[in-house]
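**Q** First residue of the sequence shown: 0, per numbering that gives the first Met the number 0; consecutive thereafter.
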Amino acid sequence: MRRSDREITFIEEKLAVIEKNKVMRLAMVDNGRPYVVPLNYGYTYENGTLTLYFHCAAEGRKIDILKTNSDVCFEMDGEHKLIEGKIDCAYGYSFESVIGSGKCEFITDVGEKINALTQLMKHQTGVDRKYEFAESMVEKICVCKITADEFTAKARK
Numbered sequence: 000m001r002r003s004d005r006e007i008t009f010i011e012e013k014l015a016v017i018e019k020n021k022v023m024r025l026a027m028v029d030n031g032r033p034y035v036v037p038l039n040y041g042y043t044y045e046n047g048t049l050t051l052y053f054h055c056a057a058e059g060r061k062i063d064i065l066k067t068n069s070d071v072c073f074e075m076d077g078e079h080k081l082i083e084g085k086i087d088c089a090y091g092y093s094f095e096s097v098i099g100s101g102k103c104e105f106i107t108d109v110g111e112k113i114n115a116l117t118q119l120m121k122h123q124t125g126v127d128r129k130y131e132f133a134e135s136m137v138e139k140i141c142v143c144k145i146t147a148d149e150f151t152a153k154a155r156k
């Protein structure tokens, strides 16, 4: 990271950035060309491993890409605010962000899908409770998990 003075190093602070945000950008490579999509997500952090979960339609460009190349990059950011400068060239922007990479896998086991959807609902709603999902619906939707190889966080206040 070029601006090490802005790096967030404590895991609790990195996870706080992930917790505050509700949308991540998922970047993939499609025949040598970049492709990025915004997605809602849920997550877990267990035994030093960050796992992100999302669901989507079972068909489309994203699915086609992930079937051929599971390497992904993810990004989430927030806390945006303009910082006024005394002169025009001194303006800036405050922010917090997380960027990481990992492997994306399709979840096929219904129980694992339900766990992933529960994490997504907990994160998106902010409510930690038992969520009920119709098994017939769960079987039809595409649920994916990203196991992060690495992730970094950065902030400008």
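We treat Cβ as the ideally placed atom computed from N, Cα and C, and that holds for glycine.
Which value, in whole angstroms, describes the spacing of the CA atoms of Y34 and Y44?
**A** The residue given as residue 34 occupies position 35 in the sequence shown. The residue given as residue 44 occupies position 45 in the sequence shown. Near 26 Å, if we compare the C-alpha coordinates of Y44 and Y34.
**Q** Should the segment 144-153 be called in touch with the segment 12-21, which here means at least 3 C-beta pairs below 8 Å?
**A** Cβ pair count under 8 Å is three or more, so yes.
**Q** What does the Cβ neighbour count give for Q123, buried or exposed, with the cut at 16 atoms within 10 Å?
**A** To locate residue 123, count along the sequence shown from 1; it is residue 124. Burial call: exposed.
**Q** To the nearest angstrom, how far is it from the Cα of L25 to the Cα of C72?
**A** As a working note, residue 25 is residue 26 in the sequence shown. As a working note, residue 72 is residue 73 in the sequence shown. One C-alpha to the other measures close to 6 Å.
**Q** When burial is assigned at 16 or more other CB atoms within 10 Å of the CB, is C88 buried or exposed?
**A** The residue given as residue 88 occupies position 89 in the sequence shown. Classification of C88: exposed, given that the 10 Å Cβ count is below 16.
**Q** Taking contact to mean at least 3 C-beta pairs separated by less than 8 Å, is the segment 114-134 in contact with the segment 63-70?
**A** Contact fails: fewer than three Cβ-Cβ distances are below 8 Å.
**Q** Measuring CA to CA, which of V137, A56 and S100 is closest to L49?
**A** Position 50 of the sequence shown, counted from the first residue, corresponds to residue 49. Selected option, being the one with the closest Cα: S100.
**Q** Taking the alpha carbon of I106 as the reference point, which residue from G31, R1, L51 and M0 has its own alpha carbon closest?
**A** In the sequence shown, counting from the first residue as 1, residue 106 sits at position 107. Ranking the options by Cα distance to I106, first place goes to L51.
**Q** To which residues does DSSP link F150 through a beta bridge?
**A** The count along the sequence shown starts at 1 and reaches residue 150 at position 151. Answer is G99.
**Q** Taking the Cβ atom as the reference point for each residue, do I145 and E111 lie within a distance shorter than 9 Å?
**A** Locating residue 145 in the sequence shown gives position 146, counting from the first residue. Locating residue 111 in the sequence shown gives position 112, counting from the first residue. Taking 9 Å as the Cβ cut-off, I145 and E111 do not qualify as a contacting pair.
**Q** Check each candidate in F9, R155 and I64 and name the one with the smallest Cα separation from R32.
**A** If you number the sequence shown from 1, residue 32 lands on position 33. Of the candidates F9, R155 and I64, the one whose C-alpha sits nearest the C-alpha of R32 is I64.
**Q** Helix, strand or coil: which one does DSSP assign to R128?
**A** As a working mapping, residue 128 is identified with position 129 in the sequence shown. The answer is coil: DSSP assigns R128 none of H, G, I, E or B.
**Q** Should Y92 and K102 be called a contact, given that it needs their Cβ atoms to be closer than 9 Å?
**A** Within the sequence shown, the letter at position 93 stands for residue 92. Within the sequence shown, the letter at position 103 stands for residue 102. It is not a contact, given that the beta carbons lie outside the stated cut-off.
**Q** DSSP puts F94 in a beta bridge; with which residues?
**A** As a working note, residue 94 is residue 95 in the sequence shown. Answer is R155.
**Q** DSSP beta-bridge partners for C72?
**A** Locating residue 72 in the sequence shown gives position 73, counting from the first residue. Paired residues: A26 and S100.
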